[in-house]
Each structure stands twice: as structure tokens, then as C-alpha cells.
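Numbering follows numbering that gives the first Met the number 0, with no gaps: position 63 of the sequence shown is 62. Notes to accompany the following structure.
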Amino acid sequence: MYNIAILGASGYTGAELIRLIAGHSSMQIKALGGNSKAGQKMGDVFPHLRHLDLPDLVTADEINFAEIDLCFCALPHKTSQEVISKLPADLKIVDLSADFRLRDPEEYEKWYGNPHAALEQQKEAVYGLTEFYREEIKAARLVAGTGCNAATGQFALRPLIEADLIDLDDIILDLKCAVSGAGRALKENLLHAELSEGYHAYAVGGTHRHLGEFDQEFSVLAGRPVKVQFTPHLIPANRGILATVYVKGDPQAIHAAFEKAYSSEPFIEVVPFGQTPSTRHIRGSNFCHIGVSGDRIEGRAIVTAALDNLTKGSSGQALQNANLMLGIEETEGLMMAPLFP
0 MYNIAILGAS GYTGAELIRL IAGHSSMQIK ALGGNSKAGQ KMGDVFPHLR HLDLPDLVTA
60 DEINFAEIDL CFCALPHKTS QEVISKLPAD LKIVDLSADF RLRDPEEYEK WYGNPHAALE
120 QQKEAVYGLT EFYREEIKAA RLVAGTGCNA ATGQFALRPL IEADLIDLDD IILDLKCAVS
180 GAGRALKENL LHAELSEGYH AYAVGGTHRH LGEFDQEFSV LAGRPVKVQF TPHLIPANRG
240 ILATVYVKGD PQAIHAAFEK AYSSEPFIEV VPFGQTPSTR HIRGSNFCHI GVSGDRIEGR
300 AIVTAALDNL TKGSSGQALQ NANLMLGIEE TEGLMMAPLF P
């Protein structure tokens, strides 16, 4: 039984980690960090977890990390670098923030607006897109979880770029994101009266920070710079991401490439050609559904991908990586069926 600590346990991804680990046969939660709510019971912060026997929230300084086998850091970017740089050098860490995703510190500063504060830790960080970095993750001490938007887009595009099946200079990624992706902090634009009964585009024109991950990962795959056209939209839903990707290529060949690439992946489901996934079919699960359709314009294809931003896009991915790091079966604690309706 491995002892687990979660820093940032009072946020959505922290609560999701607790929900998942509660059904895990080889992990027990030893410490919960939440500086702003230190001293409170987890059942008071998140009543849906009140049936669990959990430690009270404490500050990070109160945790004895000598007793911890693996720590999840579900902290905001910048804060995560500061905290992780002070943790024991032999502690296994899965970071859910953006702080270690970009290998080039200058790219981090470009997209996140502040200098990288943990350069030594960045050198050892492994990018946490499990299906494509599995062997590196098994041997890693520090794993950097991907952005939820970045994960969705990569599941929909990586096999196609790697197989050279699409025009790399003409990729359009249209993405719909549920509101929990913005975190739990109070924000005026996320109030019910401001958000419900409509949806809107944001970070238009190539300013979204997850573009840094797309640029990094797609360019490495292709062996040359690749830049996608990406526009996210905020929708009035609690969970889920739906990506619609427009590419130039043969639709049937693209569908076959997905079936080949994901045939042995436990969490990636490729739906029959012409069918389209829905966020309602992956809600609360660690699954990602991918579909391919042809377009009326010959030589064009439409790829759709759906996942739960809090699970497969963040906390589920983090637990998948932690399982690998600790030598546990990768699917442990993650095979629950989606919630429907």
C-alpha cells in the first residue's frame, strides 16, 4: 500500500484525485494540502467526499514527506514550481500544473509570463501524455501532466502526424471546453448568469497557453515546425471537452491509422467510421472517444475527440502516470464506466 499526498486538494482536480484514489487497491491518502483551507475537513470543503475517511487539510509545511511515496501537485502554475523545488529530491511527483510541460524555459516564460523558477527539476521532468511517453514515465521521478485541451488535441492528431497522413500546414482545431477547466476560484465571467444559455470563443488568434504544448509536441513528431490554428470555446457544462479537427487527408486512411495506433490502448476508443463522439458518453471517466468522418470536399476529413477534462484530461491521467511510476497496473482505479445520463 503506497502513501499518497495531494497538494492543492481543495481544487477541482484535487477532489477528482481523491474520488479516483478512493477506489484504488494499492494507494491510501496520507496527507491533503490546501493552504487556503488548512484546518478544515475535506467533507466540509467537498460534501460529496464526506463518506470517506480522509485526513484534514493542512499546509504543505505540515506534511512529513518522509512518509510519502508519491505526491500529486494540483497547484496553480508558478506556485507549483516554487513548491516542488523545495520537496525532497527523491520524492516521486506528478504535477498537474503547467509548470514543467514545456521543455524550453524560454518557451515557458513566453507563454506563462514569468521566468522558470525550477530549472533543475525541469531537466528531469517527463511529459505526461501517458499513451505516448509510457516507458519514460515508468522511470521518471517527476512527471508533468498535460493541459486538458492539449491532451484532447494530441489524441486527435499525433497518429496522423506520425504517419504523415495529413497536410501539416492546414490543421484547424476547434475545441469546446466545460467550465470546470477554469478552476474553482471565483470569477465574474463564470457566474451562472454570465455563462449559462450561451457559449463563446476565447484566446482567439493563437494566444491560448496550450499552444505551447502543441508547438512542442507536433514539431518534434514531424521533425519540423508545425503550428495548428486553434480556437477554444467555453460552454455552459460542468465537465467535458469536444475537439473538432479539420484536416486535409484521406478519411478512410485516417480512421485506419487511429485503429492501428490505439488498438491496444485501454482508455482510447475509436468509434466506427462516420460516427461522432459526445462528451455525454465519457463523463466522469478516463476514456477518450475518437471519430472520423469524410467531408463533402474530397480529400478532407473531420476528426472528433471527446474526453472528460477533469479525468482523462487531468486527474485520471495523473493517476494513470502514478500507477506506472509505482509499478502498479496502469488501469488500476480508472476502469469505472462513464456516468450516463
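Ideal Cβ placement from N, Cα and C applies to all residues, glycine included.
Does I289 come out as helix, strand or coil in the three-state DSSP assignment? The residue given as residue 289 occupies position 290 in the sequence shown. Here I289 sits in strand by DSSP.
Those runs of the beta strand (DSSP E) which lie wholly inside the segment 22 to 49 and span at least 3 residues: 26 to 32
Complete alpha helix (DSSP H) runs within the segment 222 to 289 (minimum length 4 residues, chain order): 250 to 260
Closest Cα partner of H50 within the set N148, I17, P75 and L74: Taking the sequence shown and counting its residues from 1, the one referred to as residue 50 is at position 51. When only C-alpha atoms are compared, the closest one is I17.
Is I301 helix, strand or coil when you go by DSSP? The count along the sequence shown starts at 1 and reaches residue 301 at position 302. Three-state DSSP puts I301 in a strand.
Starting from F351 and walking both ways along the alpha helix (DSSP H), at which residues does that stretch end? The structure shown does not extend to residue 351, since the chain spans only 0 to 340, so no value can be given for it.
Which residues DSSP lists as bridging N2, in chain order: By one-based count along the sequence shown, residue 2 stands at place 3. Answer by DSSP bridge pairing, in chain order: Q27.
Along the chain, where does the beta strand (DSSP E) containing I171 start, and where does it finish? Within the sequence shown, residue 171 is the residue found at index 172, counting from 1. Start and end: I171 to C176.
In this structure, does DSSP put H199 in helix, strand or coil? Sequence index remark: in the sequence shown, residue 199 carries index 200 (1-based). H199 falls in the strand class under three-state DSSP.
Count the other CB atoms, across all protein chains shown, that sit within 10 Å of the CB of P224; report buried if there are 16 or more and exposed otherwise. Within the sequence shown, numbered from 1, the residue matching residue 224 stands at position 225. So P224 ends up on the exposed side.
From the DSSP secondary-structure annotation, give me the bridge partner or partners of D94. Within the sequence shown, numbered from 1, the residue matching residue 94 stands at position 95. In DSSP, D94 forms a bridge with C72 and A143.
For P54 versus K36, is the C-beta spacing smaller than 8 Å? The residue you call residue 54 lines up with position 55 of the sequence shown. The residue you call residue 36 lines up with position 37 of the sequence shown. No, the Cβ-Cβ distance between P54 and K36 is not below 8 Å.
Here's the rule I'm using: 16 or more other beta-carbon atoms within 10 Å means buried, otherwise exposed. How should S24 be labelled? Reading the sequence shown from its first residue, position 25 is the one you call residue 24. So S24 ends up on the exposed side.
For the alpha helix (DSSP H) that T58 lies in, which residues bound it at each end? Working through the sequence shown from its first residue, we reach residue 58 at position 59. No alpha helix (DSSP H) contains T58, which DSSP labels as neither H nor E.
Helix, strand or coil: how does DSSP classify L210 here? In the sequence shown, residue 210 corresponds to position 211, counting from 1. The answer is helix: DSSP assigns L210 an H, G or I state.
Return helix, strand or coil for L190, following the three-state DSSP convention. For the purposes of this step, residue 190 is identified with residue 191 of the sequence shown, where counting begins at 1. Three-state result, L190: coil.
Selected residue, minimal CA-CA separation from H232, among G197, A59, A138 and L48: The residue you call residue 232 lines up with position 233 of the sequence shown. H232 has its Cα closest to that of G197, out of G197, A59, A138 and L48.
Bridge partners of V125, per DSSP? Here residue 125 corresponds to residue number 126 of the sequence shown, with the count starting at 1. DSSP, once it has assigned bridges, lists V142 as partnering V125.
Start and end residues, alpha helix (DSSP H) containing S79: Here residue 79 is taken as the residue at index 80 of the sequence shown, counted from 1. First-last of the alpha helix (DSSP H) with S79: T78 to I83.
What number of angstroms, rounded off, separates the C-alpha of W110 from the C-alpha of E15? Numbered from 1 along the sequence shown, position 111 holds the residue referred to as residue 110. Numbered from 1 along the sequence shown, position 16 holds the residue referred to as residue 15. Using only the alpha carbons, I get a separation of about 27 Å.
Measure the beta-carbon distance from N308 to G239 and round it to whole angstroms, keeping in mind my assumption that it falls under 8 Å. As a working note, residue 308 is residue 309 in the sequence shown. As a working note, residue 239 is residue 240 in the sequence shown. Indeed they touch by this definition, with Cβ atoms about 6 Å apart.
So for L306, helix, strand or coil by DSSP? Counting from one through the sequence shown, the residue named residue 306 turns up at place 307. Strand at L306.
By a C-beta neighbour count over all protein chains shown, 10 Å radius and 16 as the cutoff for buried, is S195 buried or exposed? On the sequence shown, position 196 is the one that residue 195 refers to. By the 10 Å Cβ count, S195 comes out exposed.
To the nearest angstrom, report how far apart I136 and A192 are at their CA atoms. Translated into the one-based positions of the sequence shown, residue 136 becomes position 137. Translated into the one-based positions of the sequence shown, residue 192 becomes position 193. So the alpha carbons of these two residues sit roughly 42 Å apart.
Can you tell which of S313, I301, M335 and L323 has the C-alpha that lies nearest to the C-alpha of H280? Position 281 of the sequence shown, counted from the first residue, corresponds to residue 280. Of the candidates S313, I301, M335 and L323, the one whose C-alpha sits nearest the C-alpha of H280 is M335.
A181 Cβ short of 7 Å to the ligand ADP heavy atom set: Only the bare structure without any ligand can be found here, which leaves the ligand ADP out of the picture.
Let me know if F229 comes out buried or exposed under the rule of 16 or more other beta-carbons within 10 Å of its beta-carbon. One-based indexing of the sequence shown puts residue 229 at position 230. That one is buried.
Any contact of the segment 109 to 128 with the segment 59 to 75, i.e. 3+ C-beta pairs under 8 Å? no
Assuming A150 and L128 are in contact, meaning their beta carbons sit under 8 Å apart, how far apart are those beta carbons, in whole angstroms? In the sequence shown, the residue the question calls residue 150 occupies position 151. In the sequence shown, the residue the question calls residue 128 occupies position 129. Going by Cβ atoms, the distance from A150 to L128 rounds to 6 Å, so yes, they are a contact pair.
If we ignore side chains and look at the alpha-carbon of each, how far apart do A88 and L141 end up? Along the sequence shown, one-based indexing puts residue 88 at 89. Along the sequence shown, one-based indexing puts residue 141 at 142. The alpha-carbon atoms of A88 and L141 are separated by roughly 10 Å.
Counting only the same chain and skipping the five closest in sequence on each side, list residues whose C-beta sits under 6 Å from that of L6. Walking along the sequence shown from the start, residue 6 turns up at place 7. Here the set comprises G32, A59, C72 and L74.
Classify T330 as helix, strand or coil using the three-state DSSP reduction. Here residue 330 refers to the residue found at position 331 when the sequence shown is read from its first residue. In this structure, T330 counts as coil in the three-state DSSP scheme.
With DSSP as the reference, label G7 as helix, strand or coil. Along the sequence shown, read from residue 1 onward, the residue named residue 7 stands at position 8. In the structure shown, G7 sits in coil (DSSP, three-state: anything other than H, G, I, E or B).
Among F154, A124, K77 and N237, whose alpha-carbon lies nearest the alpha-carbon of V291? By one-based count along the sequence shown, residue 291 stands at place 292. Of F154, A124, K77 and N237, the residue nearest in Cα terms is F154.
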